[in-house]
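First comes the structure, then the notes that go with it.
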Amino acid sequence: MKKLEGKIAIVTASTRGIGYACVETLAAEGARVYMACRNISLGREKAEALRLRGLDVKTVYFEAYDRASIVAMVDDVVKDEGRIDILVNNFGGTSPVDDKTIFDTNYERFIRYMDAHMGTVFLASQRALTKAMCRQKSGTIINIGSVAGLIPDVSQLAYGSSKAAIIHLTKIIATQAAAFNVTCNAVCPGMTATEAVKNNLSPEFQEFFLKHTPIRRIGEPQEVADAVLYFACSEYTTGQVLAVHGGFSVPTPVYGDMLLMKNKR
Ligand SMILES: NC(=O)c1ccc[n+]([C@@H]2O[C@H](COP(=O)([O-])OP(=O)(O)OC[C@H]3O[C@@H](n4cnc5c(N)ncnc54)[C@H](OP(=O)(O)O)[C@@H]3O)[C@@H](O)[C@H]2O)c1
Numbered sequence: 147m148k149k150l151e152g153k154i155a156i157v158t159a160s161t162r163g164i165g166y167a168c169v170e171t172l173a174a175e176g177a178r179v180y181m182a183c184r185n186i187s188l189g190r191e192k193a194e195a196l197r198l199r200g201l202d203v204k205t206v207y208f209e210a211y212d213r214a215s216i217v218a219m220v221d222d223v224v225k226d227e228g229r230i231d232i233l234v235n236n237f238g239g240t241s242p243v244d245d246k247t248i249f250d251t252n253y254e255r256f257i258r259y260m261d262a263h264m265g266t267v268f269l270a271s272q273r274a275l276t277k278a279m280c281r282q283k284s285g286t287i288i289n290i291g292s293v294a295g296l297i298p299d300v301s302q303l304a305y306g307s308s309k310a311a312i313i314h315l316t317k318i319i320a321t322q323a324a325a326f327n328v329t330c331n332a333v334c335p336g337m338t339a340t341e342a343v344k345n346n347l348s349p350e351f352q353e354f355f356l357k358h359t360p361i362r363r364i365g366e367p368q369e370v371a372d373a374v375l376y377f378a379c380s381e382y383t384t385g386q387v388l389a390v391h392g393g394f395s396v397p398t399p400v401y402g403d404m405l406l407m408k409n410k411r
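Residue numbering for the sequence shown follows the numbering used here, starting at 147 and increasing by one per position.
The following block contains the structure:
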């Protein structure tokens, strides 16, 4: 028997990257997974390819910047399935063009990032809880945070702040939903080898970053999905934040420099 047989899951922003790996992983364990995506024709294409591999994958519309679509996403799945067992709030992203420092980030852009990141987690979680999980007296919400929400960066003011807020929101939801036997946890990836990261990462930046990463490589989307699967299967773990980042930030802050010094000797 597969671990998630009979379960209904939603993964937001999942046509690519970590979200897509979560869809594949949850479906491989027997869940029926709704790929929640804004590009519905691309989603249908990807879902069809997964169905041809024997996985039970469907699509539902989701646009992070459209609040009505977030509520409708949950309602559509509840209408079709009568329940939701797993909600993976995976949407997230930033741009170095408009998400910089406290000195040069425009207020409206800051709020827009906060709204899209926190708003999707808040709205999707609230709706899934009230329309399905609390009534079922079961369910799990898994939020994708980021190492940027755990450690302040020299840029990414809005992204880091919104991810930190998502981490705290995770713990609050865990506290308040526990009475309904619903769990809520967060997975915080470090730098992960999605197509976007692979295409935009200069060798210099990668070296600079890996200098402070004890497991000296960037992570794979599958490794984040494996952490999501753990939370999806656990009925007793709640309010937890699991960093999947190769140990980045675990050692002393001078770790990378000390290693370089040692290697030079
Ligand atoms: N990759 C990393 O290094 C890393 C590190 C830490 C945290 N994370 C977090 O992990 C999560 C997934 O990131 P990722 O790197 O896997 O992303 P990604 O590879 O860039 O994929 C982005 C996904 O988000 C969808 N998307 C983008 N804007 C959207 C919108 N407005 N509405 C709905 N869907 C939208 C894209 O859909 P389309 O196909 O329609 O474009 C795509 O499916 C995010 O929360 C991110 O913050 C990632």
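Just so it is clear, CB atoms sit at the ideal spot from N, CA and C, and this is done for glycine as well.
Since the structure is predicted, the reported quantities are computational estimates derived from the model, not experimental observations.
{"Asked": "Starting from G285, trace the beta strand (DSSP E) both ways and give me its first and last residue.", "Found": "G285 to I290"}
{"Asked": "Thinking just about the alpha-carbon of each residue, which of D250, C330 and M181 is nearest to the one in S380?", "Found": "C330"}
{"Asked": "My output table needs one value for L406: the three-state DSSP class, helix, strand or coil.", "Found": "helix"}
{"Asked": "Answer yes or no: do F355 and M337 have a C-beta to C-beta separation smaller than 8 angstroms?", "Found": "yes"}
{"Asked": "Excluding the 5 residues preceding and the 5 following A210 in the sequence, name in chain order all residues of the same chain whose CB lies nearer than 6 angstroms to its CB.", "Found": "F237, A262 and T266"}
{"Asked": "Any heavy atom of ligand 1 inside 7 angstroms of the beta-carbon of P242?", "Found": "no"}
{"Asked": "Thinking just about the alpha-carbon of each residue, which of R258, K357, V169 and I319 is nearest to the one in D212?", "Found": "R258"}
{"Asked": "Taking only heavy atoms of ligand 1 into account, decide whether any of them is closer than 7 angstroms to the Cβ of I318.", "Found": "no"}
{"Asked": "In chain order, which continuous runs of the beta strand (DSSP E) of length 3 or greater are located wholly inside the stretch 296-335?", "Found": "328-335"}
{"Asked": "Grouping DSSP H, G and I as helix and E and B as strand, with all else coil, what is V179?", "Found": "strand"}
{"Asked": "Measure the C-alpha to C-alpha separation of A310 and N235 and round it to an integer number of angstroms.", "Found": "14 angstroms"}
{"Asked": "So, is T316 buried or exposed, given that buried needs 16 or more other C-beta atoms within 10 angstroms?", "Found": "buried"}
{"Asked": "Cutting at 7 angstroms between CB atoms, please list the residues of its own chain near G295, excluding the five before and the five after it.", "Found": "G306, K309, A310, I312, I313 and C334"}
{"Asked": "Please state whether the Cβ-Cβ distance between K148 and E175 is less than 8 angstroms.", "Found": "yes"}
{"Asked": "Using C-beta distances below 8 angstroms, list every residue in its chain close to A162, excluding the 5 sequence neighbours before and after it, in chain order.", "Found": "Residue identity differs from the one stated: residue 162 is Arg in this sequence, not Ala. If we look at R162 and ignore the five residues flanking it on each side, its Cβ neighbours are T340, E341 and A342."}
{"Asked": "Tell me which same chain residues have a C-beta within less than 6 angstroms of the C-beta of A371, skipping the five on either side of it?", "Found": "A167, C168 and T171"}
{"Asked": "Buried or exposed: which applies to R178, given that a residue is buried once 16 or more other Cβ atoms fall within 10 Å of its Cβ?", "Found": "buried"}
{"Asked": "Taking Cβ positions, are A155 and C183 nearer each other than 8 angstroms?", "Found": "no"}
{"Asked": "Of the residues M407, L388 and N345, which one's Cα is nearest the Cα of K357?", "Found": "M407"}
{"Asked": "Taking Y376 as the reference, give the member of E191, A332, T321 and L347 with the closest Cα.", "Found": "A332"}
{"Asked": "Where in the stretch 355-397 do unbroken runs of the beta strand (DSSP E), each at least 3 residues long, occur, reported from the N-terminal end onward?", "Found": "387-390"}
{"Asked": "Using the Cα positions of I164 and V374, report the straight-line distance between them to the nearest angstrom.", "Found": "10 angstroms"}
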